[in-house]
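See structure below.
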């Protein structure tokens, strides 16, 4: 077997050193009745690289990949062009096959990357500090709510109606078990987000208010107004970013008063990957650092006075504090953080701003064209690269019919919000720098045909 | 002395103690220092060519626009490639040599896995595409799920948890949901004192109280103490098997029967499943839930600290409560994703959702590739070789380094030593840092907590006999030096990119982001970046 270096002679000589007759003697602690006599029946035996590649390639070929069709999906996962050097660099064995940097003297590569990553995220979000990453945006969102409760010592959290429904589901699932009080505002098909409803829901018992920016329907809430109202009663503002490229164009949430900013970093460097692995981003005010979840990398010096980096403030973490830790999180998303960081280093601030401007321009082009399709209107007053399109019938059916025409035409609000009947004619449509003029025309033409009832 | 390789070749010793002088660059040959990207880059550089936007920002966006460009320096592509390549050379990695971190399972990461995960049909599909367009991706999840269920002898699997600790949480929430369905409130989870820190942290995170179970002198769960704690308030136990001392818990079935009789559930921490895959099925031992770290047993890369993946296999009793989403196959042969939209049809007891999408698809692809490469026979050999390698290390070093549980029989996939018997003032840390100078990554140190000065060595099946012999020779030499009181160990490592780092300073005055140099344009002050 190509991955197993021991030869039969090695095994025999090692057993002799150990003083065991057979390898099964090493499993003597396993009760005899539970020990399997041979390979589990009904499963295939080992296979060559060529055979496995054939099997996996056949599975991959059953999928319609985003690059093979006009593609307009977003809803928390965005298709951006990732420069070739990003994927090359993350496959350097020293990055790919290293562990968590518990031995800092021989892990400065990973540690310096994390320090740079933390700085990049903090500057992007407009927060003082950021951690070394979380699993994804949705789990970062729940961790932020827990952190706010630790800081404010209050347990009531308000979720805006514009929060991604899967993020809301993660929060409500967890809160069901922890008994935190979650107030979920209803999503509404309005041209602007209902900031007044969010502000009205904040009271003296509120720990935090969770506001997605831009929100799940692509609208942009007034974070400054919400922050002012929240801070007036001692509540914290958690801003949720699912499209970090937007921050090349619109103001950083930290500058608008957000106390904690969390997000999904997948847009930069990571790729779609059918939903994972993704990258949870987490920034906050410096004074909250000891209540933060997740790993933190900090600067220090070595015994010769050279600058170096270590994991720090680990007294917050599970391997030291056990049941008193700020979170049970152990792993972060190190390799995805590396990809994000490389992509952002290639872009720089100017490049990110220009990339964001191109995304917004492509979206404008898309919505200008879609607005000309009979029966279609655009909901949003403002948007970055994603907005809600209102169709004359249930968007779930339209999405399926578009797929029959090899067009990946967005995410239906009906799939995202199955119980909110009033939303079901809504279709979320996103465009990025990867969207071409031809894609836009193909989408609009197919949508016209589908809505006209033509058969594919 | 064991031969370092088949031919007997050894690196020549050279002249020790050569005088070091300062170079003008600060670099020393291939030992290259690297500045921060913030010190290298500048605002007017970009490594990506981006078209001019075809439109100015829409009027509706004007009140939301940034007042200034993000203060992020850019680098061109050659500068970027150099920056990260130079940084990469300051890392140790499994690609460079043995990485025997106990309980972390640093095994070879086959490159076929990487190639398969990058096929556009897997890497470039969106999680919310119409299900008819992602049947192959759903089939990967289904096939991997079938393998995990069969290898563990369990009833079903929840695929979405993002890492081991996240899987623990999933398992405990299934237990909570099952208790709720029974109308019972049980708020205590029993956790052995040898457990990973994630176990008690997860139990607390899920709203349980944690009670600790002591270990026996033989390094196993104290079954009598555990049974004495069982009662109507106990929701379940979390047992790591094989445990963190590298030993199989022979009384697992008896423990499970007692817990079940008392109305509780058995959570098994599957971090060490790599030692028993293909040899034992946890389902045969009475386990109700167990997470599987795909990045340990099934070789998905650790990536310098994630991403992991932690699917949770479940017993019949817990299966109905598995979180959304999951895949099922319809009567027509097509695969469906069960999510909020259709959960009511037959899956109404699902406890909710743990992640935004469907889990770590990129890791599923890699793990399935690894599993298919090994097959049922190869996976069994993986466990056997991992256990053989660990016992070889144990028996090759136990005369010099005390092995607290060696008398109780063979170990599983990791060998546990303690620092008892070293010279006054010498400890595990000196051995660990000495290993760095010898060209190895240290073992796990000071864990598990039940052994003072613990050193937990997990070679995995990846190491050849020659590689192990080199490692053993170095470990023995270090033990001898520490017993003889060799002071140079206290200042090890001497030959790494950095000497020992001041962790106290880092924690006392945390510097978590680059502060910049005052007066350099483009460096924002704390107040400018939204500081409090």
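Chains as they are written, first to last, in the numbering used here: chain A, 309 to 764; chain B, 97 to 628. Here a beta-carbon is modelled for each residue, glycine too, at the ideal position from N, C-alpha and C.
- Per the coordinates, the alpha-carbon of residue 495 (chain B) lies some 40 Å from the alpha-carbon of residue 262 (chain B).
- Identification of residues in the segment 547-558 of chain B having a C-beta nearer than 8 Å to some C-beta of chain A yields 557, 558, given in sequence order.
- Between the C-alpha atoms of residue 553 (chain A) and residue 340 (chain B) there is a straight-line separation of about 43 Å.
- In the DSSP secondary-structure assignment, residue 530 (chain B) is not bridged to any residue.
- In the three-state DSSP reduction, residue 449 (chain A) falls in the helix class (H, G or I).
- When 9 Å is used as the limit between beta carbons, residue 590 (chain A) is near no residue of chain B, the shortest such separation being about 12 Å.
- Exclusion of the five residues before and after residue 535 (chain A) leaves 545, 564, 565, 566 as the residues of its chain whose Cβ lies within less than 7 Å of its Cβ.
- Under the DSSP assignment, residue 305 (chain B) falls in the beta strand (DSSP E) whose first and last residues are 305-309.
- With respect to the 8 Å criterion, residue 459 (chain B) and residue 403 (chain B) are classified as neighbours on the basis of their beta carbons.
- Excluding sequence positions up to five before and after residue 748 (chain A), its CB lies within less than 7 Å of the CB of 673, 674, 677, all in the same chain and listed in chain order.
- Against chain A, the beta carbon of residue 310 (chain B) has no neighbour under 9 Å; the closest one sits roughly 15 Å away.
- Contact note: residue 708 (chain A) reaches chain B through 226, 228, using a C-beta cutoff of 8 Å and chain order.
- DSSP places residue 336 (chain B) inside the beta strand (DSSP E), whose first and last residues are 330-336.
- DSSP places residue 296 (chain B) inside the alpha helix (DSSP H), whose first and last residues are 294-301.
- Residue burial is scored here from C-beta neighbours: residue 241 (chain B) has at least 16 other C-beta atoms within 10 angstroms and is therefore classed as buried.
- Shown here for residue 296 (chain B): same chain residues with a beta carbon closer than 7 Å to its own, the five before and five after excluded, namely 287, 306 in chain order.
- With contacts defined by Cβ atoms closer than 8 Å, residue 326 (chain B) and residue 360 (chain B) form a contacting pair.
- At least one CB of chain A lies nearer than 8 Å to the CB of residue 187 (chain B).
- Per DSSP, the unbroken beta strand (DSSP E) holding residue 432 (chain B) starts and ends at 431-434.
- Interface residue (Cβ-Cβ distance to chain B less than 8 Å): residue 571 (chain A) is not classified as such.
- In the structure shown, residue 485 (chain B) adopts helical secondary structure according to DSSP, grouped into three states.
- Taking a contact to require three or more Cβ pairs closer than 8 Å, the segment 424-443 of chain A and the segment 200-209 of chain B do not qualify as touching.
- For residue 361 (chain B), no alpha helix (DSSP H) encloses it; the enclosing beta strand (DSSP E) starts and ends at 361-365.
- For residue 551 (chain A), there are no C-beta contacts with chain B under 8 Å, since the nearest C-beta of that chain is about 13 Å from it.
- Relative to residue 186 (chain B), the option among B:131, B:272, B:563, B:120 whose CA is nearest is B:131.
- Beta-bridge partners of residue 387 (chain B) (DSSP): B:365, B:408.
- Residue 578 (chain B) sits buried, since 16 or more C-beta atoms from the chains shown fall within 10 Å of its C-beta.
- Looking at the backbone, the Cα of residue 572 (chain A) and that of residue 346 (chain B) are separated by about 44 Å.
- For secondary structure counted as the alpha helix (DSSP H) over 4 or more consecutive residues, the segment 541-621 of chain B holds these complete runs in sequence order: 561-579, 599-604.
- At least one C-beta of chain A is nearer than 8 Å to the C-beta of residue 599 (chain B).
- The alpha-carbon separation between residue 560 (chain A) and residue 401 (chain A) amounts to approximately 35 Å.
- Residues of the segment 639-663 of chain A with a C-beta less than 9 Å from any C-beta of chain B: 639, 640, 641, 642, 643, 644, 645, 646, 649, 650, 651, 652, 653, 654, 655, 656, 657, 658, 659, 660, 661, 662, 663, listed in chain order.
- The beta carbon of residue 126 (chain B) is closer than 8 Å to those of 185 in its chain, skipping five residues each way along the sequence.
- Burial is judged here by how many other beta carbons sit within 10 angstroms of a residue's own beta carbon; residue 513 (chain A) has fewer than 16 and is exposed.
- Each of B:282, B:600, B:592 was checked against the Cα of residue 413 (chain A), and the nearest Cα belongs to B:592.
- Neighbours of residue 711 (chain A) in chain B, taken as residues at a C-beta separation under 8 Å, are given in chain order as 225, 226, 228, 229.
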